[in-house]
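Under our numbering, the residues of the sequence shown are numbered 347 to 413, in order. In this text, a Cβ means the ideal position worked out from N, Cα and C, and glycines have one as well. Beneath this line is the structure, given in structure tokens, with notes to follow.
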Amino acid sequence: MRHGFDDLNLEKMWFGYFDGNTKSKRVQEKCGFRYHHIKEKVPCALEGVFSTEHIACLSKAEWISIK
Numbered sequence: 347m348r349h350g351f352d353d354l355n356l357e358k359m360w361f362g363y364f365d366g367n368t369k370s371k372r373v374q375e376k377c378g379f380r381y382h383h384i385k386e387k388v389p390c391a392l393e394g395v396f397s398t399e400h401i402a403c404l405s406k407a408e409w410i411s412i413k
């Protein structure tokens with residue numbers, strides 16, 4: 347995340363994970379990402395199915411306050 351915010355000067359980062367992927371959900375929580383919205387019927391290429399995707403984001407200001 348340091349590379350994205352410091353080197354690339356991004357203002358926000360987005361994170362998504364599919365239903366049932368509790369490990370990815372936990373990673374985003376540990377990194378400080380906050381729930382933003384849900385996308386229904388998103389193609390999951392690895393599994394060849396459509397699934398619900400949970401989207402979270404983290405702003406540069408939020409990242410600075412928690413690092």
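Using 8 Å as the threshold, is the C-beta distance between residue i and residue j below it?
| i | j | result |
| --- | --- | --- |
| leucine 404 | cysteine 377 | yes |
| glutamine 374 | alanine 407 | no |
Buried or exposed: which applies to residue i, given that a residue is buried once 16 or more other Cβ atoms fall within 10 Å of its Cβ?
| i | result |
| --- | --- |
| tryptophan 409 | buried |
| histidine 400 | buried |
| tyrosine 381 | exposed |
| phenylalanine 396 | exposed |
Look up residue i in the DSSP assignment and give the residues it is bridged to.
| i | result |
| --- | --- |
| isoleucine 384 | His400 |
| glycine 394 | Looking at the DSSP assignment, glycine 394 forms no beta bridge with any residue, so it has no partner. |
| glycine 362 | Ile401 |
Just to confirm the assignment, what range does the alpha helix (DSSP H) spanning residue i have?
| i | result |
| --- | --- |
| glutamate 357 | Unbroken run through glutamate 357: none, as it is neither H nor E. |
| lysine 371 | 368 to 376 |
| lysine 406 | 406 to 412 |
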